[in-house]
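Peer 1: Next up is a structure, given as structure tokens.
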């Protein structure tokens, strides 16, 4: 399986919205959040079929992280 990486630079208040969008697309395997310095702040592995109650705790943590970041980079690893 080939893994493709995409990067998105967004403001902290848009993180949860963008991550929900990525999860709904269904092909993401891992989401990595980096701060403005390029340091990894959080990493969320996504398994096939992980939805609803399994994603809710990660989104809650993501909301808390978002309050600390003004700008960040989302790195999305997708299967091809």
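Residue numbers (the working numbering): 1163 to 1242.
From the three backbone atoms N, C-alpha and C, an ideal C-beta is built for every residue, glycine too.
Is the distance from the Cβ of residue 1238 to the Cβ of residue 1190 below 8 Å?
Peer 2: In this structure, residue 1190 lies closer than 8 Å to residue 1238 by Cβ.
Peer 1: Quick one, are the C-beta atoms of residue 1232 and residue 1170 less than 8 Å apart?
Peer 2: Against a cut-off of 8 Å, the Cβ pair of residue 1170 and residue 1232 comes out as no contact.
Peer 1: Can you tell me which residues form a DSSP beta bridge with residue 1204?
Peer 2: Answer is 1195, bridged to residue 1204.
Peer 1: Tell whether a beta-carbon distance below 8 Å holds between residue 1184 and residue 1193.
Peer 2: In contact: residue 1184 and residue 1193 (Cβ atoms closer than 8 Å).
Peer 1: Can you check whether the CB of residue 1242 is closer than 8 Å to the CB of residue 1166?
Peer 2: For residue 1166 and residue 1242, yes; Cβs fall inside 8 Å.
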